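If you count the sequence shown from 1, position 87 lands on 86 in numbering that gives the first Met the number 0, and the numbers rise without skipping.
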Amino acid sequence: MHPFASCSIALCLAALSTHVHAGECKSIQADMVELRVTQGCDAGETACFLGEVDGNHGLRGTTHFSADAVGDPLPTSTGSLPYSGAFQYRLPTGTISMRETGMNVPGMVAAHQRVTEGTGEYAGATGDFFVHGTRVPGIVTTSVHGTLCLP
């Protein structure tokens, strides 16, 4: 066999083994309820959203969200409000830190969450969640769907 061909085969097998490692990825589904509060937030926060998540694959615990950026309403979407902030799933076996970027419109919310860091069982985790649901003043009720990959 030509040395280049055997090297190419080795690279393909290495790529396949990396893809197989992605088999550690789990399909996440959860329900979440968050309340806007002014007490119990992290140090330095005047307000935040604290909640509870109940999902599969161990995604059961408390949550914390604090916006660090809020955009201007979109001129063609009355009542819209884009935002971004730090989100955490605080679970019995570790914490999953996310960057949440989303859009509020009257009565509804939709957001994307990307894993930025993990502790405990979730150290080295990667993944993306999609969150959507309803909001009334002070209460957000959502469904969470996505993929969580553990090393």
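In this text, a Cβ means the ideal position worked out from N, Cα and C, and glycines have one as well. Note that the structure is predicted; figures quoted are calculated from it, not measured.
Problem set entry | Whole beta strand (DSSP E) elements within the stretch 26-98, 3-residue minimum | 47-54, 59-69, 80-90
Problem set entry | Sheet register partners of A110 (DSSP bridge) | G101, V130
Exercise. Would G78 be called buried (16 or more neighbouring beta carbons within 10 Å of its own) or exposed?
Worked result: exposed
Exercise. Around the C-beta of L58, are 16 or more other C-beta atoms found within 10 angstroms, so that it is buried, or is it exposed?
Worked result: buried
Exercise. So T141 is in the beta strand (DSSP E); what residue range does that whole segment cover?
Worked result: 138-148
Exercise. Measuring CB to CB, does T146 end up less than 8 Å from G126?
Worked result: yes
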